[in-house]
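Please read the structure below before turning to the comments.
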Amino acid sequence: MTDLHTHILPGMDDGVQDVETSLEMLRLEWTQGVDRVVFTPHFHWQRENIKTFLARREESLSRLVEAIHRLPREERATLPRWEVGAEVDWIPDLAQREELCQLCLGRGNYFLLELPFGLWSGQIVRQLCEFMGRTPYIPVISHLDRYWDWQWSSHITDLLQLGIPIQLRATALLKLFSRGRALRAIDRGQVHLLASDCQGIRGQLPDLGRAMDIVKRRLGPEQAHRLCRWAEAVCPSRGMTT
Ligand SMILES: [Fe+2]
């Protein structure tokens, strides 16, 4: 199982800050049944240029990989493989940003897109429609459960009709107040992906396995397999291992 949305890389954003905690998060991922993790630190177009971001990501990843290689061989064998990506914030001229190829998940052409937290305008949906027609890249809408309460359902339907996959956080299934809605959305095929969006030991934890168990129990194993297949499809493996 792949967790395709995580903030595990040390010191990259408001997620994990130190290598020891990153290792602990990887151990927790493994206990959840996750054998592949995608590191997706935030990338903000207005705050940082792509070159600086990629250099920081590389340096952070090197520190983590070095720490992994210092572990005993038997412990290394019980950590997930990894891929890199980013959680990219929305910008109206996204279609003109050639740098997107460096922000995709694994070696594919999907990237994780964080839309604004306020009410989405029709203009955003139109710009996404234009984006889909002009570039080879495909956004995955991250953590819809964080803002679906105040969006027009027609805008979400429009995104689905454009062929844009939607990701929910695992926690949407673990919390009682959102579980029913999350299960209905998965059952109707309106949600393609589940991921933890884990932030650190004191924040959002790796909890994908627990959420998948709920999907299997309530909707049957085929729906859980569908979610897992989508994670493989949007992030083809580069074959990197710990
Ligand atoms: Fe995130």
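So the sequence shown is numbered by the numbering used here: it starts at 19 and just counts up by one.
C-beta: ideal position from N, C-alpha, C; glycine also.
Owing to the predicted nature of the structure, the values given are computational and were not obtained by experimental measurement.
Can you give the Cα-Cα distance for residue i and residue j, rounded to whole angstroms?
i, j, result
"Gly221", "Val55", "18 Å"
"Ile174", "Tyr165", "11 Å"
"Leu223", "Gln50", "11 Å"
"Pro110", "Asp167", "23 Å"
"Leu133", "Val209", "16 Å"
"Pro154", "Ile219", "36 Å"
"Ser78", "Phe71", "10 Å"
"Arg125", "Ser255", "7 Å"
"Val34", "Thr58", "12 Å"
"Lys193", "Leu186", "13 Å"
"Ala203", "Ser214", "17 Å"
"Leu177", "Glu93", "42 Å"
"Asp107", "Trp63", "7 Å"
"Ser172", "Gln145", "15 Å"
"Arg228", "Arg199", "17 Å"
"Gly181", "Val143", "12 Å"
Give every residue of the same chain whose Cβ lies closer than 6 Å to the Cβ of residue i, excluding the five residues on either side of it in the sequence, and list them in chain order.
i, result
"Thr259", "At Thr259 the pLDDT is 49, less than 50, meaning the model places this residue with poor confidence; the figure from the coordinates comes in the next sentence. Closer than 6 Å at Cβ, skipping near neighbours: Arg99."
"Asp205", "Leu237"
"His161", "Arg187, Asp215"
Should residue i be listed as close to ligand 1, given that the test is whether its C-beta is under 8 Å from any heavy atom?
i, result
"His62", "no"
"Glu105", "yes"
"Thr58", "yes"
"Asp215", "yes"
"Ser160", "yes"
"Glu101", "no"
"Glu11", "Not covered by the structure: residue 11. The range shown for the chain is 19 to 260."
Can you give me the start and stop residues for the beta strand (DSSP E) that residue i sits inside?
i, result
"His87", "Counting along the chain, His87 falls outside any beta strand (DSSP E), though it belongs to the alpha helix (DSSP H) covering 68-87."
"Thr20", "20-24"
"Val106", "105-107"
"Phe129", "128-132"
For residue i, collect the residues of the same chain with a Cβ closer than 7 Å to its Cβ; drop the 5 residues on either side in sequence, then sort them by chain order.
i, result
"Leu82", "Leu27, Pro28, Val37, Ser40"
"Glu148", "Ala113"
"Asp31", "His25, Pro59, His60"
"Trp248", "Pro183, His210, Leu211"
Considering residue i, what are the terminal residues of the alpha helix (DSSP H) in which it resides?
i, result
"Asp231", "226-237"
"Trp100", "Counting along the chain, Trp100 falls outside any alpha helix (DSSP H), though it belongs to the beta strand (DSSP E) covering 99-102."
For residue i, which residues from the same chain have a beta carbon less than 8 Å from its beta carbon, with the 5 sequence-adjacent residues on both sides left out?
i, result
"Cys122", "Gly103, Tyr128, Phe129, Tyr155"
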